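Engineer: Have a look at this one.
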Amino acid sequence: MKKKLALLLAVVMLLSISLACAPKVPDSQKETGTEDSKQGSTPDKGKDTLVVLSAGAFAGGWDPTSHSILANKHLEHVLYTKILYPTDSGELVPGLCYEWETHDDGSATMKIREGVTFHDGSVCDAEDVKYTIENYSEKSKPSASNFREQLKCDIIDPYTVKVYPSSGEPFAEMMALLAGTPVFSSERTSEQYTNEGPMGTGPYKFVKFENECVYLEAYDGYWDTEKAPSIKYVEYKYVPDAATRLAALQSGEAHIIERIEIEHIDLIEKDANCKYVEVVSGECQMLICKWPREIMKNDNLRLALAYALDREGAVDAILGGHASVAKGFVAPSFVAYADAKGLPTYNPEKAKEKLAEAGYPNGEGLPPITFTTSVGMYAKTKECGEYFVQNWKDVGINVTFNPVETATWEELLYSDEERAGEIVHTGWSPSMPDAGVPINAHYANRGRCNFVEDPELTALIQKQSRVTDPEERLKVWSEEVYPYLASKCYNIPLWVSHHLYGYSANIEGFVLDSLSFCNFNEISFK
């Protein structure tokens with residue numbers, strides 16, 4: 043039996059979701075908006091400036107190797123050209139490298155486009171690609187959290203390179219990792235990133251960062267002339283509150299807003315000047331169990347926390363079906379995905395058993411546990427968090443709930459200090475749809491965010507990466523890696539996000555991919 047608080051919460055949430063909402067199981071991408079209204083068009087700042095409101099804060103420093111912050115990744119998508127690009131299905135398509143060949147020894151030979159220049163006018167060539175690959179995968183850099191090992195790069199000629207793992211052994215996800223790597227200048231220093239901002243070869247160049255807003259200008263020398271920007275300026279601003287973002291869209295102050303709330307769908311559908319898009323994403327939301335906290339090293343306690351969670355109830359009653367309950371540790375769209383055998387599902391009695399096995403029957407003697415989530419980043423985090431706290435209380439686990447604004451949450455997410463608490467909710471949206479990428483980040487060697495160190499798990503992750511045959515590799519994942527993760531629950535999977543973005547009816551060409559990237563340069567005003 044659920045407690046009255048949980049039932050009341052579900053009822054309130056159901057009432058807040060109107061019948062006009064999108065269906066629970068959307069197409070991979072669904073556009074919604076009123077097309078034939080006779081009302082006037084949404085006012086805007088003019089035809090030369092696109093205003094985009096970010097749900098996440100931008101990290102300072104601007105060096106692409108210095109972070110794994112999603113807001114910065116979105117920004118880098120239009121400032122840089124990546125070595126390759128992934129499609130939603132995991133296929134690789136040309137980027138800065140237009141041709142490539144993989145070899146049996148695990149290496150790849152790649153041809154670089156000629157005539158590409160950085161935003162300062164300098165030529166981009168093999169020296170820059172080599173510098174990028176070796177620095178982006180260098181173990182001391184935060185960007186390397188996705189890489190299980192360092193990559194090396196040999197220059198064959200000014201526009202040809204050979205890339206290979208430093209170990210000399212096959213590395214199955216190497217090409218997928220290159221598909222998320224932005225190419226930066228070999229001559230730019232960390233001080234220049236700090237003082238002058240980012241610089242790449244993308245369709246837009248950095249102008250300034252002021253009052254949480256990044257100002258961009260179209261780069262006249264962009265190499266892909268067919269996709270050169272039609273809108274000269276972009277203002278990309280961090281606005282933590284979802285209601286404020288919506289108000290800006292409705293007033294015409296903004297043209298694109300990230301992560302609308304569920305209850306905003308009905309308001310947008312009734313507004314002739316606004317639309318929204320829903321995309322089944324590659325982002326898997328989860329609970330991070332902070333390994334440095336001694337209590338979180340207890341396997342049975344983590345499993346008790348997992349079995350106590352009514353994820354289906356949260357998705358149905360609170361998220362209104364605008365998410366898909368996770369059955370594994372990565373999104374189903376990813377290469378090497380499989381349902382995780384043994385992954386805990388909602389079972390309060392099993393949770394109580396595991397809690398007793400952990401040494402805390404009925405929660406007796408259980409040390410304090412703090413659970414942190416963001417407000418304004420992901421949909422309904424506060425409501426879902428309150429529901430989970432009640433789930434845990436029902437089985438004897440008392441948890442202190444700590445909802446905070448996005449910038450503070452992001453700081454705690456990446457911290458291993460005691461102030462970060464025991465559990466932090468997050469979503470993880472890699473730049474490349476291969477299971478090895480997020481799994482490397484969270485579990486190999488020392489996990490990103492959870493800081494777990496498990497040599498047996500690291501060995502399993504290494505084992506799958508040495509298998510280059512796709513079917514054999516999937517077998518290692520499905521029969522060894524995923525079941526092991528399910529038996530430990532260092533991170534507890536919740537659901538796969540459905541990205542909900544709002545946008546003005548006055549723009550066209552806006553497309554959001556499953557990794558949450560958008561090409562601003564392909565957008566125009568009507």
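Residue numbering for the sequence shown is 43 to 568, as defined by our numbering.
Every residue, glycine too, gets a C-beta built ideally from N, C-alpha and C.
What you are looking at is a predicted structure, and each value in this text was computed from that prediction instead of being measured.
1) Quick check on Glu535: buried or exposed, where buried means 16 or more other Cβ atoms within 10 Å of its Cβ?
2) In its own chain, which residues sit with a C-beta less than 8 Å from the C-beta of Ile135, not counting the 5 before and 5 after it?
3) State the Cα-Cα distance for the pair Ile617 and Phe160, rounded to the nearest angstrom.
4) Return the chain-ordered list of same chain residues with a C-beta closer than 6 Å to the C-beta of Cys560, the five sequence neighbours on each side being excluded.
5) I'd like to know whether the C-beta atoms of Ala282 and Ala150 end up nearer to each other than 9 Å.
6) Which residue from Asp266, Asp313, Cys139, Trp104 puts its Cα closest to that of Asn237?
7) Thr510 to Pro212, Cα distance in whole Å?
8) Would you list the one or two residues that DSSP bridges to Trp537?
9) Taking Cβ to Cβ, would you say Ile298 is nearer than 9 Å to Val93?
10) On the DSSP bridge assignment, give the partners of Gly544 in chain order.
11) Can you find the residues in the same chain that come closer than 7 Å, C-beta to C-beta, to Asp381, ignoring five residues on each side of it along the sequence?
12) Do you know how far the Cα of Glu428 is from the Cα of Lys339?
13) With H, G and I counted as helix, E and B as strand and the rest as coil, what does DSSP make of Met338?
14) Kindly list the residues whose CB is nearer than 8 Å to the CB of Asn202, restricted to its own chain and excluding five residues on each side of it in sequence; keep chain order.
15) To the nearest whole angstrom, what separates the beta carbons of Ser164 and Ser232, a pair I think is in contact under 8 Å?
16) Examine the Cβ distances between the stretch 343-360 and the stretch 482-493 and report whether three or more of them are shorter than 8 Å.
17) With 16 as the cutoff for other CB atoms within 10 Å, does Asp86 come out buried or exposed?
18) Touch check for the stretch 382-398 and the stretch 514-533: three-plus C-beta pairs under 8 Å?
19) Check whether the Cβ atoms of Trp537 and Ala400 sit closer than 9 Å, and answer yes or no.
20) The beta strand (DSSP E) that contains His161, what's its start and end?
21) Please identify the residue among Asn389, Asp170, Val466 whose C-alpha is closest to the C-alpha of Asn433.
Structural biologist: To lay it out plainly:
1) Contrary to the premise, residue 535 reads as Pro rather than Glu in this sequence. With 16 or more Cβ atoms within 10 Å of its Cβ, Pro535 is classed as buried.
2) In the sequence as presented, Ile is not what sits at residue 135; that position holds Val. So the qualifying residues of the chain are Leu126, Tyr127, Pro128, Thr129.
3) With the chain covering only 43 through 568, there is no way to say anything about residue 617.
4) Around Cys560: Leu554.
5) A small correction: the amino acid at residue 282 is Pro; Ala does not occupy that position in the sequence shown. Going by C-beta atoms, Pro282 is not nearer than 9 Å to Ala150.
6) For Asn237, the nearest C-alpha among the options comes from Trp104.
7) Going by C-alpha positions, Thr510 is about 7 Å away from Pro212.
8) DSSP, once it has assigned bridges, lists Gln327, Val367 as partnering Trp537.
9) Against a cut-off of 9 Å, the Cβ pair of Val93 and Ile298 comes out as a contact.
10) According to DSSP, Gly544 bridges with Ile299, Tyr318.
11) Answer for Asp381: Lys369, Gly370, listed in chain order.
12) For Lys339 and Glu428, the distance between alpha carbons rounds to 24 Å.
13) Three-state result, Met338: helix.
14) Just to set this straight, residue 202 is Thr in the shown sequence, not Asn. Excluding positions up to five away in sequence, the list reads Thr151, Met152, Lys153, Ile154, Ala168.
15) Going by Cβ atoms, the distance from Ser164 to Ser232 rounds to 18 Å, so no, they are not a contact pair.
16) No: fewer than three Cβ pairs fall under 8 Å.
17) Note that Asp86 scores a pLDDT of 48, beneath 50, so its modelled location is shaky; the value from the coordinates is reported in the next line. Counting Cβ neighbours within 10 Å, Asp86 comes out buried, since at least 16 surround it.
18) Contact holds between the stretch 382-398 and the stretch 514-533, because three or more Cβ pairs, one in each stretch, are under 8 Å apart.
19) It is not a contact, given that the beta carbons lie outside the stated cut-off.
20) Run containing His161: none; DSSP gives neither H nor E here.
21) From the listed residues Asn389, Asp170, Val466, the smallest Cα separation to Asn433 is found for Asn389.
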